[in-house]
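Trainee: Numbering (this note's numbering), first residue to last: 21 to 200.
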């Protein structure tokens with residue numbers, strides 16, 4: 021975990037990651053190569069460390085000055101690709117978590133809707149049809165879901181008085197809800 025300085029990374033590797041600066045190291049730099057030796061278990065004559073969003077990418081060689089500008093450019097491009105890949109992966113994980121939470125919320129809401137002792141229904145006002153009724157609705161009016169879902173108010177006689185229905189629907193249009 022480079023962000024918190026945990027794990028086997030040496031301080032100079034953490035610095036590469038934090039500063040976002042590519043670092044080339046050759047055997048002539050004794051301080052850094054000693055740290056590299058401790059990290060790798062043997063002396064590397066050439067090292068290149070390139071930061072990316074979640075760490076560093078490194079190339080090492082036992083040959084001095086083994087890596088040219090083209091090698092560093094390739095490693096930097098790989099680091100960019102790794103960063104993009106990590107961001108996409110984390111976005112996908114986040115979306116999956118959000119979708120799971122949404123499903124869970126819908127299930128809780130639907131369960132509450134179904135178990136309510138009060139007769140309830142959901143309509144699609146644009147289409148003018150019933151899209152959901154709860155168990156109390158079925159018990160109180162004697163209809164089951166198959167009798168009601170996808171049908172309009174004119175097809176299912178739930179109102180005894182059509183004038184009362186029109187008045188209540190006008191009230192619903194004004195207020196956005198209806199409590200009877």
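Beta carbons are placed, not taken as given, at the ideal position from N, Cα and C, and that holds for glycine.
Would you say residue 207 and residue 69 are within 9 Å of each other, going by their C-beta atoms?
Mentor: Residue 207 lies beyond the stretch modelled for the chain, which goes from 21 to 200, so this question has no answer here.
Trainee: Could you tell me whether any non-hydrogen atom of the ligand SAM is closer than 8 Å to the CB of residue 180?
Mentor: As far as ligands go, the structure on display features none, and thus does not contain the ligand SAM.
Trainee: Which one or two residues does DSSP pair with residue 79 in a beta bridge?
Mentor: In the chain shown, counting from the first residue as 1, residue 79 sits at position 59. Paired residue(s): 68.
Trainee: Taking the CB atoms as reference points, tell me whether residue 115 and residue 73 lie closer together than 9 Å.
Mentor: Your numbering for residue 115 matches position 95 in the chain shown. Your numbering for residue 73 matches position 53 in the chain shown. No.
Trainee: Would residue 149 and residue 131 be called neighbours here (beta carbons separated by less than 9 Å)?
Mentor: Translated into positions along the chain shown, residue 149 becomes position 129. Translated into positions along the chain shown, residue 131 becomes position 111. No, the pair does not count as a contact, with Cβ atoms beyond the cut-off.
Trainee: Please identify the residue among 160, 97, 198 and 190 whose C-alpha is closest to the C-alpha of residue 177.
Mentor: To locate residue 177, count along the chain shown from 1; it is residue 157. For residue 177, the nearest C-alpha among the options comes from 160.
Trainee: Report the residue from 118, 147, 165 and 144 whose alpha carbon sits nearest the alpha carbon of residue 154.
Mentor: Translated into the one-based positions of the chain shown, residue 154 becomes position 134. The shortest Cα separation from residue 154 among 118, 147, 165 and 144 belongs to 165.
Trainee: Can the beta-carbon of residue 37 be found closer than 9 Å to that of residue 76?
Mentor: As a working mapping, residue 37 is identified with position 17 in the chain shown. As a working mapping, residue 76 is identified with position 56 in the chain shown. Yes; because the gap between Cβ atoms is below 9 Å, this pair is in contact.
Trainee: How big is the Cα-Cα spacing for residue 40 and residue 32?
Mentor: Reading the chain shown from its first residue, position 20 is the one you call residue 40. Reading the chain shown from its first residue, position 12 is the one you call residue 32. The alpha-carbon atoms of residue 40 and residue 32 are separated by roughly 12 Å.
Trainee: Determine the DSSP secondary structure at residue 141, reduced to helix, strand or coil.
Mentor: For the purposes of this step, residue 141 is identified with residue 121 of the chain shown, where counting begins at 1. Reduced to three states, the DSSP call for residue 141 is strand.
Trainee: Does DSSP classify residue 152 as helix, strand or coil?
Mentor: On the chain shown, residue 152 is found 132 positions in, with the first residue counted as 1. Residue state, collapsed to three classes: strand.
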